[in-house]
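Protein chains: 2
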Amino acid sequence: MLDKITPLILCGGSGTRLWPRSRAARPKPFLPLLGDRSLFEEALGRCQGEHFDRPVVVTGAAHVELVELALVRTGRHAEIIVEPRPRGTAAAVALAAVRLPDSAILLVCPSDHHIGRPDVFTKASHEAATLAEQGWLVCLGIDPAAAETRFGYIQRGEALDSAGFRVRQFVEKPDKETAAKYLSSGDFAWNAGIFCFRGGDYLAELEKYRPEMTAAVRAAAELGQTKDSCFHPGEAIYSAIRAESLDYALMENTDRAAMVMADMGWSDIGDWQTLKRMREQDANGNSVRGSGNVIDCRNVFIETDGPRVHAIGLDDVIIVVDGDDVLISSAAGSTRIGELGKEAEK
Amino acid sequence: MLDKITPLILCGGSGTRLWPRSRAARPKPFLPLLGDRSLFEEALGRCQGEHFDRPVVVTGAAHVELVELALVRTGRHAEIIVEPRPRGTAAAVALAAVRLPDSAILLVCPSDHHIGRPDVFTKASHEAATLAEQGWLVCLGIDPAAAETRFGYIQRGEALDSAGFRVRQFVEKPDKETAAKYLSSGDFAWNAGIFCFRGGDYLAELEKYRPEMTAAVRAAAELGQTKDSCFHPGEAIYSAIRAESLDYALMENTDRAAMVMADMGWSDIGDWQTLKRMREQDANGNSVRGSGNVIDCRNVFIETDGPRVHAIGLDDVIIVVDGDDVLISSAAGSTRIGELGKEAEK
Numbered sequence: 011m012l013d014k015i016t017p018l019i020l021c022g023g024s025g026t027r028l029w030p031r032s033r034a035a036r037p038k039p040f041l042p043l044l045g046d047r048s049l050f051e052e053a054l055g056r057c058q059g060e061h062f063d064r065p066v067v068v069t070g071a072a073h074v075e076l077v078e079l080a081l082v083r084t085g086r087h088a089e090i091i092v093e094p095r096p097r098g099t100a101a102a103v104a105l106a107a108v109r110l111p112d113s114a115i116l117l118v119c120p121s122d123h124h125i126g127r128p129d130v131f132t133k134a135s136h137e138a139a140t141l142a143e144q145g146w147l148v149c150l151g152i153d154p155a156a157a158e159t160r161f162g163y164i165q166r167g168e169a170l171d172s173a174g175f176r177v178r179q180f181v182e183k184p185d186k187e188t189a190a191k192y193l194s195s196g197d198f199a200w201n202a203g204i205f206c207f208r209g210g211d212y213l214a215e216l217e218k219y220r221p222e223m224t225a226a227v228r229a230a231a232e233l234g235q236t237k238d239s240c241f242h243p244g245e246a247i248y249s250a251i252r253a254e255s256l257d258y259a260l261m262e263n264t265d266r267a268a269m270v271m272a273d274m275g276w277s278d279i280g281d282w283q284t285l286k287r288m289r290e291q292d293a294n295g296n297s298v299r300g301s302g303n304v305i306d307c308r309n310v311f312i313e314t315d316g317p318r319v320h321a322i323g324l325d326d327v328i329i330v331v332d333g334d335d336v337l338i339s340s341a342a343g344s345t346r347i348g349e350l351g352k353e354a355e356k
Numbered sequence: 011m012l013d014k015i016t017p018l019i020l021c022g023g024s025g026t027r028l029w030p031r032s033r034a035a036r037p038k039p040f041l042p043l044l045g046d047r048s049l050f051e052e053a054l055g056r057c058q059g060e061h062f063d064r065p066v067v068v069t070g071a072a073h074v075e076l077v078e079l080a081l082v083r084t085g086r087h088a089e090i091i092v093e094p095r096p097r098g099t100a101a102a103v104a105l106a107a108v109r110l111p112d113s114a115i116l117l118v119c120p121s122d123h124h125i126g127r128p129d130v131f132t133k134a135s136h137e138a139a140t141l142a143e144q145g146w147l148v149c150l151g152i153d154p155a156a157a158e159t160r161f162g163y164i165q166r167g168e169a170l171d172s173a174g175f176r177v178r179q180f181v182e183k184p185d186k187e188t189a190a191k192y193l194s195s196g197d198f199a200w201n202a203g204i205f206c207f208r209g210g211d212y213l214a215e216l217e218k219y220r221p222e223m224t225a226a227v228r229a230a231a232e233l234g235q236t237k238d239s240c241f242h243p244g245e246a247i248y249s250a251i252r253a254e255s256l257d258y259a260l261m262e263n264t265d266r267a268a269m270v271m272a273d274m275g276w277s278d279i280g281d282w283q284t285l286k287r288m289r290e291q292d293a294n295g296n297s298v299r300g301s302g303n304v305i306d307c308r309n310v311f312i313e314t315d316g317p318r319v320h321a322i323g324l325d326d327v328i329i330v331v332d333g334d335d336v337l338i339s340s341a342a343g344s345t346r347i348g349e350l351g352k353e354a355e356k
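So the protein sequences, as listed, match chains S and A. Under this note's numbering, read the first sequence as residues 11 to 356, first letter to last. Under this note's numbering, read the second sequence as residues 11 to 356, first letter to last.
Below is the structure:
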């Protein structure tokens, strides 16, 4: 009988490629991009049921209210840990781990992606937890659909006796050529940033490769305080930690890395073009969310938070109205939205 | 020495081709489409100076406040006549004429167009007034720039001894083929709807061709009342008049019609495409009014009353943000804006 899994939901970020919908004050996890629930609410929803313990949410001070609102709306309870400044996933996960028993099985879930088949996610989580109980540091791997350069890749090693594999290597975001090689080799998976391990194993490995970070996290946890039901680590010491991703600080170094493949309809909804493909479309490829009106249009995407959008005679255009910003971009132009968002949200 | 001219400014309408900027509650004359002044303010500005008397403005009840605001803003005084319902230009002009001496020289000025060379307008007005003093009903003619089907045409007859011509015929909006013939003949001018005549001459001719209308207007004027400095004709009788244009009711019938050509940079700013050509453009043909931002764009037109518009990678697109409406149209699609406007402003 498997121990219960403690979901550790990481919730923050400042994705700018979905600007102006995604903003510094309300980043991607808090947007209902598909359906009625935000990506954070989707993450909460995926991690419930008899096999899951009460989740831990790590977020930033700017987003605590949004997290609490989502918990109220979904009727869930969670421990909230507030990072005074974002210091990367390695420290964020360590901070949660030091506050839980070493034996707790943590499932690290970013909340900036969509999972179309949550049942497959549940199954893969259990397989990962089984390996975690054997001392593995497990990641979920996604069968790559394209030679994508926006993700890290994981190379598969020998099969383990259960559903998983050893990891041969973690690789950072490759260039286009390398990504194409990975894709054709059939040996590589996308790294979705979902991990499963026992808290104690994680801390022991992190201690090995990042002893200073681990010590700093422990000290910050000891100096921390609970205010308004949220745990705040010691600010000065936590803020001084060098920000590193869990992948880079630990997974690339450890020889205890394993992988479970999860064909779970994963998408990071990396930009408006991607979201457009995922939204329901009419016979002409148009998709409208909010008050919109398409006349003689093809492949037009409209998202508006209020104003009525009237599109006439357009082809392959993204239109997003949010607050005081109106974005209108050709398909080709959409790669520049990120820059625009960064500039606007400065 | 010429008598002073009384400008008779017609101000109303519900142009929908400049929707959503032009709306039922704030139609084209009240929009500052070029420069800082509305077209109505431009019309007021053209008709001032030593040769002009205090103007008379005919408008609808819905627009009296906008008229008064414009008068305050420009520091002008005018007699305001309020039509209970719009009954066409023939009746509107008659209503003003019956309240003025028969000898008054009226200059009928619609306020839904732009005149780029007001000095030429002034000169042409004086020429027209000179003919009006001789008993002619004078229209200003515009040298046609294209085989336009949106305007009525005026065929030139023999030259008069001053700057004008007799009118051979007035013709309603022609089809494309006929318009092309008119253009190549060199004999036709566009009818800009600007007329000059003595009030008494106008009423006498109208009496001849539209005796019922003339009688109704006289009765409505007699039953009228001045309230809040505006003259309101008798509502029931005025509202029952059959709406007809001055052109149709009178100019097409009279043999006292004359024309003065006026190369005065006239444009009715009939749609966004036309306005786009008239606005200042950057090296890539983009023109932005309000808070707008063009990236990799060509021939993009932006007009926004507040929200920031960010356009990326677009070619030949019209973008208008007004109140709660956002219009985005291709060049080809822009002919459908009128329908959209009619539907939206119902």
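Even glycine gets a Cβ: it sits at the ideal position worked out from N, Cα and C.
Per DSSP, S/Ile-338 forms a beta bridge with which residues?
-> S/Ile-329 and A/Ala-321
For A/His-124, which option in A/Phe-62, A/Asp-185, A/Val-177 and A/Leu-41 has the closest C-alpha, if you only look at C-alpha atoms?
-> A/Leu-41
What did DSSP end up calling A/Pro-1 once you bin it into helix, strand or coil?
-> With chain A covering 11 to 356 only, the question about residue 1 of chain A has no answer from this structure.
Short Cβ contact (8 Å threshold) for S/Asp-197 with S/Gln-165 | yes
Taking Cβ positions only, does S/Asp-335 come closer than 8 Å to chain A?
-> yes
Sub-8 Å separation of S/Asp-281 and S/Ser-344 beta-carbons = yes
Under 8 Å, do S/Thr-84 and S/Leu-110 count as touching if we go by C-beta distance?
-> no
Looking only at its own chain, which residues have a Cβ that is under 6 Å from the Cβ of A/Val-118, when we skip the five neighbours before and after it?
-> Leu-18, Val-103 and Phe-205
For a contact meaning CB atoms closer than 8 Å, what does S/Leu-324 contact in chain A?
-> Val-327, Ile-338, Ser-339, Ser-340 and Gly-343
Just the chain S side, please: which residues come within less than 9 Å of A/Pro-17 by C-beta, in chain order?
-> Result: empty, since nearest Cβ-Cβ is about 37 Å, beyond 9 Å.
Verify the CB distance criterion: does A/Ile-347 have a CB-CB separation below 8 Å to chain S?
-> yes
Are the stretch 67-87 of chain S and the stretch 21-28 of chain S touching, with three or more C-beta to C-beta distances below 8 Å?
-> yes
According to a CB-to-CB cut-off of less than 7 Å, which residues of the stretch 303-315 of chain A neighbour chain S?
-> Ile-305 and Asp-306
Are the stretch 296-309 of chain S and the stretch 321-335 of chain S in contact at 8 Å, needing three or more beta carbon pairs?
-> yes
Nearest-angstrom Cα distance between S/His-136 and S/Tyr-258?
-> 25 Å
Coarse secondary structure for A/Arg-287, derived from DSSP in three states = helix
Taking only beta-carbon atoms, is A/Leu-285 less than 8 Å away from chain S?
-> no
Are S/Thr-159 and S/Lys-191 close, meaning C-beta to C-beta below 8 Å?
-> no
Cβ-based neighbour list, A/Ala-173, same chain, cut-off 6 Å, excluding 5 preceding and 5 following | Glu-137 and Val-270
Ignore the nearest five residues each way along the sequence and tell me which others in A/Ala-107's own chain have a CB closer than 7 Å to its CB.
-> Leu-116, Gly-209, Tyr-212 and Leu-213
Does the stretch 221-239 of chain S come close enough to the stretch 144-160 of chain S to have 3 or more Cβ pairs within less than 8 Å?
-> no
If you draw a straight line from the alpha carbon of A/Leu-193 to that of A/Ala-157, how long is it in whole angstroms?
-> 6 Å
Rounded to whole angstroms, what's the CA-CA distance from S/Ala-199 to S/Tyr-163? Just pull it up for me.
-> 5 Å
Quick one: give me the first and last residue of the alpha helix (DSSP H) that A/Ile-347 is part of.
-> 347-354
Leaving aside the five residues before and after S/Gly-203 along the sequence, list all residues of the same chain whose C-beta is less than 7 Å from its C-beta, in chain order.
-> Pro-120
S/Arg-64 at chain A interface by Cβ criterion, 8 Å | no
Exposed unless 16 or more other CB atoms sit within 10 angstroms - verdict on A/Asp-129 | exposed
Going along chain A in order, which residues have a C-beta closer than 7 Å to the C-beta of S/Pro-441?
-> Since the first residue of chain S shown is 11 and the last is 356, residue 441 of chain S is not available in this structure.
Cβ atoms of A/Phe-131 and A/Gly-272: under 8 Å apart, would you say?
-> Strictly speaking, residue 272 of chain A in this sequence is Ala, with Gly absent from that position. In this structure, A/Phe-131 lies closer than 8 Å to A/Ala-272 by Cβ.
Between S/Leu-44 and S/Asn-303, what straight-line distance do the alpha-carbon atoms span, to the nearest angstrom?
-> 20 Å
Where does A/Met-274 sit, in a helix, a strand or coil, going by DSSP?
-> coil
If you draw a straight line from the alpha carbon of S/Gly-167 to that of S/Leu-141, how long is it in whole angstroms?
-> 15 Å
Beta-carbon proximity of A/Met-261 to A/Arg-127, cut-off 8 Å = no
Would you mind working out which of A/Val-148, A/Thr-16, A/Lys-38 and A/Val-327 sits nearest A/Ala-268, comparing C-alpha positions?
-> A/Val-148
My understanding is that S/Pro-39 touches S/Leu-49, with C-beta atoms under 8 Å, so please give their C-beta distance in whole angstroms.
-> 5 Å
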